[in-house]
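**Student:** To start, I am sharing the structure in question, which I have written as structure tokens.
In the numbering used here, the protein residues as written are 1 to 293.
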């Protein structure tokens, strides 16, 4: 195993463990919702609600951490980008910039786009000029920048809020650059939940797959679904469509309905178990009575 392969494996294991951690936190959130549904004590309900909010805050932070780990292991995938390109991406401090550079780098390599830049990653303008004359999907290719910027800016902002302690109340800088309580920021923070974070990760995964497709099977005739195409050409419109669809789904999330439905199922389950227990108890008594007689 080469040094690069070992580094990729370590990065991939980080991403996988983060995914496991996210699933664990999601299970904890659902567990608290189910417990609240059948709890009679108000102090216990209040405690469970606080735990639910705490796990949600952790989940918001993990979405940001996972999105950065995901791009780091993708960049180091064997043979995807050369050392100059990979170093330019990894050394970038901003999450949004990491994803934008990776996307531009994947386009540069997949289509052999000429560039004069020292990091060997074509600029947005160089890519735009290339696709104007080379593909019918130029609008989708260019509009994807907007998706990356929108998604990663929000992920970064909320990750930073959690990292800096805004777990229940949001703060923003005023004109004097002093952090003050902001009701709008607080409401925005409280609008995040298990469903919005899950859909946001699905969006990020679509961006990841877009980039993955760009460097997979670059030559024609190697793609099983369509020998005359490549994954990047075949899947790109589908991935782009999914990004738009998920954006709408995030906007329409009804977490209250999700919670109420889950609580109703838990309450009905409790009633069913109580009936079953009562029936079995009666049955055992009857069996005992019949044996005696």
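Beta carbons are placed, not taken as given, at the ideal position from N, Cα and C, and that holds for glycine.
Identify, in the order they occur along the chain, each residue of the same chain with its Cβ nearer than 6 Å to the Cβ of residue 72, setting aside the five sequence neighbours on each side.
**Tutor:** Taken in chain order, the residues that qualify are 11.
**Student:** What is the DSSP secondary structure of residue 180, reduced to helix, strand or coil?
**Tutor:** Here residue 180 sits in strand by DSSP.
**Student:** Assuming residue 103 is part of the alpha helix (DSSP H), what are its boundary residues?
**Tutor:** It spans 95 to 110 - the alpha helix (DSSP H) in which residue 103 sits, taken as one unbroken run.
**Student:** Check for me: the beta strand (DSSP E) holding residue 172 runs from which residue to which?
**Tutor:** That run of the beta strand (DSSP E) goes 171 to 173.
**Student:** Can you list, in chain order, the stretches of the alpha helix (DSSP H) that have 4 or more residues and sit fully within the stretch 46 to 102?
**Tutor:** For the stretch 46 to 102, whole alpha helix (DSSP H) runs of length 4 or above, ordered along the chain, are 83 to 90.
**Student:** Express the C-alpha separation of residue 166 and residue 86 in angstroms, rounding to a whole number.
**Tutor:** Between residue 86 and residue 166, the C-alpha separation is close to 33 Å.
**Student:** Considering just the uninterrupted stretch of the alpha helix (DSSP H) at residue 41, what are its terminal residues?
**Tutor:** Careful: residue 41 lies outside any alpha helix (DSSP H) and carries neither H nor E.
**Student:** Once the 5 residues before and after residue 36 are set aside, which same chain residues still bring their CB inside 8 Å of it?
**Tutor:** Within the same chain, residue 36 has close Cβ partners 45, 48, 49, 52 and 263.
**Student:** Using only CA atoms, which one of 4, 59 and 54 lies nearest to residue 19?
**Tutor:** Among 4, 59 and 54, the Cα nearest to that of residue 19 belongs to 59.
**Student:** Whole alpha helix (DSSP H) runs in the stretch 122 to 152 with 4 or more residues, listed along the chain?
**Tutor:** Here the runs fully enclosed are 124 to 134.
**Student:** Helix, strand or coil for residue 259, going by three-state DSSP, please let me know.
**Tutor:** Helix, per DSSP.
**Student:** What is the C-beta distance between residue 179 and residue 172, in whole angstroms, given that I count them as a contact (C-beta under 8 Å)?
**Tutor:** With 8 Å as the limit, residue 179 and residue 172 qualify as a contact, their Cβ atoms being about 7 Å apart.
**Student:** Of the residues 17, 24 and 250, which one's Cα is nearest the Cα of residue 154?
**Tutor:** It is 250.
**Student:** From residue 257 to residue 188, what distance separates their C-alpha atoms?
**Tutor:** Roughly 19 Å between the two C-alpha positions.
**Student:** By the DSSP assignment, the alpha helix (DSSP H) with residue 210 in it spans what residues?
**Tutor:** Note, residue 210: alpha helix (DSSP H), 194 to 215.
**Student:** Can you list, in chain order, the residues of its chain with a C-beta nearer than 7 Å to that of residue 38? Leave out the 5 residues immediately preceding and following it.
**Tutor:** Around residue 38: 266, 267 and 270.
**Student:** Residue 114 by DSSP, collapsed to three states: which one?
**Tutor:** Three-state DSSP puts residue 114 in coil, outside helix and strand.
**Student:** Rounded to whole angstroms, what is the Cα-Cα separation between residue 294 and residue 184?
**Tutor:** Since the first residue shown for the chain is 1 and the last is 293, residue 294 is missing from the structure and cannot be characterised.
**Student:** Taking the C-alpha atoms as reference points, what is the distance between residue 146 and residue 55?
**Tutor:** So the alpha carbons of these two residues sit roughly 30 Å apart.
**Student:** Between which residues of its own chain and residue 232 is the CB-CB distance below 7 Å, once the five residues before and five after are set aside?
**Tutor:** Excluding sequence neighbours, residue 232 sits near 110, 213 and 214.
**Student:** Helix or strand or just coil, what does DSSP make of residue 252?
**Tutor:** Coil at residue 252, not helix or strand.
**Student:** Given 6 Å as the limit, tell me if residue 74 has its C-beta closer than that to any heavy atom belonging to the ligand HEM.
**Tutor:** With respect to the ligand HEM, the structure offers nothing, as it holds no ligand at all.
**Student:** Determine whether the beta carbon atoms of residue 200 and residue 84 lie at a separation below 7 Å.
**Tutor:** No; because the gap between Cβ atoms is not below 7 Å, this pair is not in contact.
**Student:** Find the nearest neighbour of residue 138 within the set 248, 5, 237 and 254, judged by alpha-carbon distance.
**Tutor:** Answer by Cα proximity: 237.
**Student:** Can you look up residue 165 in the DSSP assignment and give me helix, strand or coil?
**Tutor:** If DSSP states are grouped into helix, strand and coil, residue 165 belongs with coil.
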